[in-house]
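>
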Amino acid sequence: MGDWGQSVLTQYDLNIQDIKKARGSLLCSAGQDLYALQEYSGTIQRLAVEQKLTEFLAGCGFTQTDRPVPNREGALCTEGEDGKCYVLRRWYAAGECSVQSTQDLVLAVRNLALLHRYLQDFPLYEYFPDCHYTGCSLSEEWCRHNQELWRIRNFMRGKRRKTDFERCALESFPAVYCQAQEAYAGLQASCYHILWQEACSRGTLCHGSYNYHNVLIGRHYVATTCFQHFVVEPQIMDFYHFSRKILEKRCWDTQLWKVLLDTYQAVRPLSDTEYQVLYLLFLYPEKYWKQMNFYYNNSKSWISCRSIEKLTKAAEQVELRREFLKKCF
Numbered sequence: 235m236g237d238w239g240q241s242v243l244t245q246y247d248l249n250i251q252d253i254k255k256a257r258g259s260l261l262c263s264a265g266q267d268l269y270a271l272q273e274y275s276g277t278i279q280r281l282a283v284e285q286k287l288t289e290f291l292a293g294c295g296f297t298q299t300d301r302p303v304p305n306r307e308g309a310l311c312t313e314g315e316d317g318k319c320y321v322l323r324r325w326y327a328a329g330e331c332s333v334q335s336t337q338d339l340v341l342a343v344r345n346l347a348l349l350h351r352y353l354q355d356f357p358l359y360e361y362f363p364d365c366h367y368t369g370c371s372l373s374e375e376w377c378r379h380n381q382e383l384w385r386i387r388n389f390m391r392g393k394r395r396k397t398d399f400e401r402c403a404l405e406s407f408p409a410v411y412c413q414a415q416e417a418y419a420g421l422q423a424s425c426y427h428i429l430w431q432e433a434c435s436r437g438t439l440c441h442g443s444y445n446y447h448n449v450l451i452g453r454h455y456v457a458t459t460c461f462q463h464f465v466v467e468p469q470i471m472d473f474y475h476f477s478r479k480i481l482e483k484r485c486w487d488t489q490l491w492k493v494l495l496d497t498y499q500a501v502r503p504l505s506d507t508e509y510q511v512l513y514l515l516f517l518y519p520e521k522y523w524k525q526m527n528f529y530y531n532n533s534k535s536w537i538s539c540r541s542i543e544k545l546t547k548a549a550e551q552v553e554l555r556r557e558f559l560k561k562c563f
């Protein structure tokens, strides 16, 4: 263990018996309990909200979270000898949710639906009236992204000598941009703005980073980690982000999607507006925009083969997603 770990752990009233290095943290065993010591770069207020949130969830029976543990002085953030801040969190001896295990995925989705039900009752503004953790509305985001896509397309067309990446982008652009415009027009015609306004006025929280890496599947429990990315926005965003990443890795399996959707709705039924917005979220070419934006904001003189592969795959998703949407919505 490094000196920074020793200097931090001595500030906790815990009998640490074993320490192991893990990805981005030190796993510390103290009897039957497991903890993870991680570097922290966020604000003290955000950490306070996270602690209050996980305490609230525990009171609801949602106990398996990576809630922060205060040190001997009662502080949630502890400074090490290296001058950096660290947070000790409850942890679990369980593996990540497996993308290839439908059973794991069902457990993870049911867990998310339960989490969303409890989060709807969390009085964020009562505890923290001056906090500002609102995300960006899809209307603003997609409008900006569509403008950026068109700007990048014009930039590429104006170049005399084009790279393989640029040729691939220009060839696939019409179909992708058509989908982007269709999704944005559908969003503007929907009642999404009501969902957005309700989430903002009530302070309804999303997990903000609910993916298979942050869901641990134990023998008799599911643990939810990485709450530090919480955000105020419609909860359908959590379900979409989790489902999209899974479906991309499972070749847009329609039967799997029906299982995941039914599992979620059995615990927290979606409104008609949420269902419509979910369709539009799947329609929008988010990964294609990410690759184009990455290209435009970085060196254009040398583009890796990996970037070309990612763009090609994102372009191929256009028809795959459309076929998926025809069958499932």
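Just so you know, we're using the working numbering here: the sequence shown kicks off at 235 and counts up by one.
All C-beta atoms, glycine included, are put in the ideal place defined by N, C-alpha and C.
Could you check if ASN531 is buried or exposed, using at least 16 other CB atoms within 10 Å of its CB as the buried criterion?
By 1-based counting over the sequence shown, the position of residue 531 is 297. Exposed, since its Cβ has fewer than 16 Cβ neighbours within 10 Å.
> Should ILE480 and TYR446 be called a contact, given that it needs their Cβ atoms to be closer than 9 Å?
The residue you call residue 480 lines up with position 246 of the sequence shown. The residue you call residue 446 lines up with position 212 of the sequence shown. In contact: ILE480 and TYR446 (Cβ atoms closer than 9 Å).
> Using DSSP's beta-bridge definition, name the partner residues of TYR269.
As a position in the sequence shown, residue 269 is number 35, starting the count at 1. CYS262, ARG324, per the DSSP bridge assignment.
> In its own chain, which residues sit with a C-beta less than 6 Å from the C-beta of ILE250, not counting the 5 before and 5 after it?
Against the sequence shown, residue 250 aligns to sequence position 16. So the list reads LEU243, CYS262, ALA264, once near-sequence residues are dropped.
> Using the C-alpha atoms, what's the distance from PHE558 back to ASP487?
Here residue 487 corresponds to residue number 253 of the sequence shown, with the count starting at 1. Here residue 558 corresponds to residue number 324 of the sequence shown, with the count starting at 1. C-alpha separation (whole angstroms): 8 Å.
> For the stretch 297 to 311 and the stretch 321 to 329, state whether three or more C-beta atom pairs, one from each stretch, are separated by less than 8 Å.
At 8 Å Cβ cutoff, the stretches touch.
> Contact check, LEU310 vs ALA282 under 8 Å by CB: the rounded distance?
Counted from its first residue, the sequence shown places residue 310 at position 76. Counted from its first residue, the sequence shown places residue 282 at position 48. The Cβ separation is near 7 Å, so the contact holds.
> If you count every other CB in all the chains shown that lies within 10 Å of the CB of GLN334, and 16 or more means buried, which is it?
What you label residue 334 is simply residue 100 of the sequence shown in a count that begins at 1. With fewer than 16 other Cβ atoms within 10 Å, it is exposed.
> I need the DSSP call for GLU543, collapsed to helix, strand or coil.
Translated into the one-based positions of the sequence shown, residue 543 becomes position 309. Note: GLU543 maps to helix in three-state DSSP.
> Is the CB-CB distance between THR546 and VAL466 below 9 Å?
As a position in the sequence shown, residue 546 is number 312, starting the count at 1. As a position in the sequence shown, residue 466 is number 232, starting the count at 1. No, they are not a contact pair.
> Which residues in the same chain have their Cβ closer than 7 Å to the Cβ of VAL552, if we skip the five residues on either side of it in sequence?
Numbered from 1 along the sequence shown, position 318 holds the residue referred to as residue 552. So the list reads ALA409, VAL410, GLN413, PRO519, once near-sequence residues are dropped.
> When the Cα atoms are used, what is the spatial distance from ARG502 to ARG351?
Your numbering for residue 502 matches position 268 in the sequence shown. Your numbering for residue 351 matches position 117 in the sequence shown. If I take the Cα positions, the gap works out to 7 Å.
> Which residue comes first and which comes last in the beta strand (DSSP E) that contains ASP252?
Residue numbering aside, residue 252 sits at position 18 when the sequence shown is read from its first letter. That run of the beta strand (DSSP E) goes 252 to 256.
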